[in-house]
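Student: Take this structure, written in structure tokens, and hold onto it; I'll ask about it next.
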Ligand code: 5RP
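In the numbering used here, the protein residues as written are 458 to 692.
Structure (structure tokens):
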């Protein structure tokens, strides 16, 4: 296992310390939280952990089924106790860019239903200012070039439709993803989010503001639990 993969594994597994019997757990998407899902499956099988999960993507649903995590519909839950998910970037205010894996809409719906959000990340994801990672924005397929033009005008940067070969990437919800190459300029993500959401054709944006309570950060020197001082406390 290479260095980065090892860090992802350390973060993903360490986050499971927040999961206890009886919890309803949002299961994020990506190569870091994959290790969380596998570890939760192991604890269910080997330690009798009793939880139910809500996956944030079809890929995570498949993995959760494979490792034996019982799944429930979010609609049938009054709330979730916790969601554990990855991030593409997080800043010093614990605001996030997500959507590198094109799952941002379901991830945000699950996060907003959760009493707490734990992010698993390696040290490459920690930034002073968001935006070096292209900001993912889920948009409708209908006249998507027009939506991209609106986004380009608002953000004043290059905005591409994410492609897979010759075709746009299609999300689990049947939409497309626009990636906005803003550069590390997003100093006011809280103000920016509603302006992006106001564009017709935008379904959701990968800015997760004021949602993350804890980051489990894996570094070469060890795993650090970073608690958001303005977040909801996890005991
Ligand atoms: C998917 C996401 C992922 O959580 C994010 O892209 C981080 O993934 P990884 O752990 O593979 O770097 O937002 O939509």
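Glycine included, each C-beta is placed from N, C-alpha and C at the ideal position.
Computed from a prediction, not measured in an experiment: that's the story for all the values here.
Anyone know if the C-beta pair for residue 689 and residue 532 falls short of 8 Å?
Tutor: No, the pair does not count as a contact, with Cβ atoms beyond the cut-off.
Student: Using a Cβ-based criterion (distance less than 7 Å to any ligand heavy atom), does residue 511 qualify as near the ligand 5RP?
Tutor: False, no ligand heavy atom lies under 7 Å from that Cβ.
Student: Please list the terminal residues of the continuous alpha helix (DSSP H) segment that includes residue 543.
Tutor: From DSSP, residue 543 is part of no alpha helix (DSSP H) but of the beta strand (DSSP E) over 539-543.
Student: Taking 6 Å as the limit between beta carbons, can you name the residues of its chain near residue 510, skipping five residues before and five after?
Tutor: Same-chain partners within the cutoff: 482, 484, 521, 526, 528.
Student: Which of the three DSSP states is assigned to residue 481 in this structure?
Tutor: Looking at residue 481 - three-state DSSP - the assignment turns out to be strand.
Student: Counting along the chain, where does the alpha helix (DSSP H) carrying residue 634 start and finish?
Tutor: Segment 633-638 is the beta strand (DSSP E) holding residue 634; no alpha helix (DSSP H) there.
Student: On the DSSP letters alone, give me the boundaries of the alpha helix (DSSP H) that residue 526 sits inside.
Tutor: Careful: residue 526 lies outside any alpha helix (DSSP H) and carries neither H nor E.
Student: Helix, strand or coil: which one does DSSP assign to residue 606?
Tutor: Correct three-state label for residue 606: helix.
Student: Could you tell me the boundaries of the beta strand (DSSP E) in which residue 575 lies?
Tutor: Note, residue 575: beta strand (DSSP E), 574-579.
Student: Going by DSSP, what residues sit across from residue 458 in a beta bridge?
Tutor: DSSP lists no partner for residue 458.
Student: Here's the rule I'm using: 16 or more other beta-carbon atoms within 10 Å means buried, otherwise exposed. How should residue 644 be labelled?
Tutor: With fewer than 16 Cβ atoms within 10 Å of its Cβ, residue 644 is classed as exposed.
Student: Using the Cβ count rule (16 or more neighbours within 10 Å means buried), how would you classify residue 551?
Tutor: By the neighbour-count rule (16 or more Cβ atoms within 10 Å), residue 551 is buried.
Student: Measure the Cβ-Cβ separation of residue 619 and residue 634 and say whether it is below 8 Å.
Tutor: Cβ distance < 8 Å, so residue 619 and residue 634 count as in contact.
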